[in-house]
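Participant: Please see the structure below; I have some questions.
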Amino acid sequence: MRRQAIIRILGTITVLLLSGHTAARIPPPAETLRPATPVSKPVPATRGTAPLHSVVGVAPGQAGYVHYFLLRMPDDSVEVQVGIELEDQRIAWSFPELGVVISPFISGETLEVGNNSYDVWHLYGLRPFPDNAAMARLRKTLPARVNAWVKSGIPYCLDDTPQGNCMSCIGFVLRALFPGSRGYPELPRDFWRSSPGNRYTPNDLLLYLTGMLDLPDRNARLRRLHQLAMPADMRNDLESLIHAIGTGESKPAVAARPRARPGTARGRL
């Protein structure tokens, strides 16, 4: 009898243990999985918070990257030149005397144009759009636009025109990045700053592409500058440009202003 009682007790314990083990495998009711508060959707990154992709040369996978060069002109002055990297690592740009052309990537070399010589140094390059969808659209449409301009023989000029009869280097890049109607770039509203004379320059584009124009003041821009990894030349240029922005200049609540004319930068950034 005692043995049978012990067996019954052990059987009861086994059933209880197995029941507890089985219960542990049953998921809790769906109601208990609901959060107490609604889950917030991720906030899209702005240029002022997005990572910066900067490079020191051309490479596969960088089609659409904007590259900055320094030119020594025939009169020994220096000028900033901007262009766009193509799928085969060549550079599309509007170059003095040549107009809109596609040329091999060069740096530390001399380009002979007619009777004039241009010394060319590459400074840095950067990805123009943080999100992959915008980069994919640019890469898809860029070759056809560039080829059309090359075939049209559009000449180089400093005084760019809305009609696109000639293009400065910055005018070419802005049209490539932000195509608009009637041959003129359709600039985004958050590209709110232009240089004196209501003209865009490579300096303005650099501030915009690096997200500096998305930030409220100088201190915020300097903080972003110190947080980002980038080539030394780009860091030096941006630091100078950030300090050159007036203390009264800030991102407007509504970026409604006349469209500025593309121009070109004189001298070092």
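Residue numbers (the working numbering): 10 to 278.
No residue lacks a Cβ here, since even glycine has one placed at the ideal position from N, Cα and C.
All values derive from a computational prediction rather than experimental measurement.
Determine the burial state of residue 151: buried for a count of at least 16 other Cβ atoms within 10 Å of its Cβ, exposed for fewer.
Facilitator: Here the question's residue 151 lines up with position 142 in the sequence shown. So residue 151 counts as buried.
Participant: Mapping DSSP to helix, strand and coil, what is residue 147?
Facilitator: The sequence position of residue 147 within the sequence shown is 138, counting from 1. Residue 147 falls in the helix class under three-state DSSP.
Participant: At the level of alpha carbons, what is the spacing between residue 56 and residue 124?
Facilitator: Stepping through the sequence shown from its first residue, residue 56 is reached at position 47. Stepping through the sequence shown from its first residue, residue 124 is reached at position 115. Cα to Cα, the separation comes out at about 43 Å.
Participant: Along the beta strand (DSSP E) that carries residue 81, what are the first and last residues, could you check?
Facilitator: Sequence index remark: in the sequence shown, residue 81 carries index 72 (1-based). Residues 75-81.
Participant: What span of residues does the beta strand (DSSP E) with residue 133 cover, start to end?
Facilitator: Within the sequence shown, numbered from 1, the residue matching residue 133 stands at position 124. Start and end: 125-135.
Participant: Per DSSP, which one or two residues make a beta bridge with residue 119?
Facilitator: Sequence index remark: in the sequence shown, residue 119 carries index 110 (1-based). Per DSSP, 128.
Participant: Taking its Cβ as the centre, do 16 or more other Cβ atoms sit within 10 Å of residue 82, making it buried, or is it exposed?
Facilitator: Numbered from 1 along the sequence shown, position 73 holds the residue referred to as residue 82. Exposed, since its Cβ has fewer than 16 Cβ neighbours within 10 Å.
Participant: I'd like to check one pair, residue 250 with residue 196: are the Cβ atoms closer than 8 Å?
Facilitator: Start at 1 with the first residue of the sequence shown, and residue 196 comes out as number 187. Start at 1 with the first residue of the sequence shown, and residue 250 comes out as number 241. Against a cut-off of 8 Å, the Cβ pair of residue 250 and residue 196 comes out as no contact.
Participant: Tell me, to the nearest whole angstrom, how far the beta carbon of residue 153 is from that of residue 93; I am working on the premise that it is less than 8 Å.
Facilitator: Stepping through the sequence shown from its first residue, residue 153 is reached at position 144. Stepping through the sequence shown from its first residue, residue 93 is reached at position 84. Residue 153 to residue 93, Cβ: 13 Å. No contact.
Participant: If the criterion is Cβ atoms closer than 8 Å, does the pair residue 135 and residue 218 meet it?
Facilitator: Within the sequence shown, numbered from 1, the residue matching residue 135 stands at position 126. Within the sequence shown, numbered from 1, the residue matching residue 218 stands at position 209. Closer than 8 Å, so yes.
Participant: For a quick check, are the C-beta atoms of residue 240 and residue 133 less than 8 Å apart?
Facilitator: By one-based count along the sequence shown, residue 240 stands at place 231. By one-based count along the sequence shown, residue 133 stands at place 124. A contact, by the Cβ cut-off of 8 Å.
Participant: Evaluate the contact criterion for the segment 165-174 versus the segment 102-110: three or more CB pairs, one atom per stretch, below 8 Å.
Facilitator: Result yes; three or more Cβ-Cβ pairs closer than 8 Å.
Participant: Using the Cα positions of residue 139 and residue 112, report the straight-line distance between them to the nearest angstrom.
Facilitator: As a first step, residue 139 must be located in the sequence shown, where it is residue number 130. As a first step, residue 112 must be located in the sequence shown, where it is residue number 103. Looking at the two C-alpha atoms, the distance is approximately 26 Å.
Participant: Does the Cβ of residue 213 have 16 or more other Cβ atoms within 10 Å, making it buried, or fewer, making it exposed?
Facilitator: Locating residue 213 in the sequence shown gives position 204, where the first residue counts as 1. Residue 213 is buried by the Cβ-count criterion.
Participant: In the DSSP assignment, find the unbroken beta strand (DSSP E) run with residue 236 in it and report its ends.
Facilitator: If you number the sequence shown from 1, residue 236 lands on position 227. Segment 227-236 is the alpha helix (DSSP H) holding residue 236; no beta strand (DSSP E) there.
Participant: Are the CB atoms of residue 80 and residue 90 nearer to each other than 8 Å?
Facilitator: Taking the sequence shown and counting its residues from 1, one reaches residue 80 at position 71. Taking the sequence shown and counting its residues from 1, one reaches residue 90 at position 81. Result yes, Cβ atoms of residue 80 and residue 90 sit closer than 8 Å.
Participant: DSSP has residue 159 in a bridge; who is on the other side?
Facilitator: Position 150 of the sequence shown, counted from the start, is the residue given in the question as residue 159. Answer is none; residue 159 lacks a bridge partner.
Participant: Please report how far the alpha carbon of residue 174 lies from the alpha carbon of residue 67, in whole angstroms.
Facilitator: Taking the sequence shown and counting its residues from 1, one reaches residue 174 at position 165. Taking the sequence shown and counting its residues from 1, one reaches residue 67 at position 58. Taking the straight line joining both Cα atoms gives about 29 Å.
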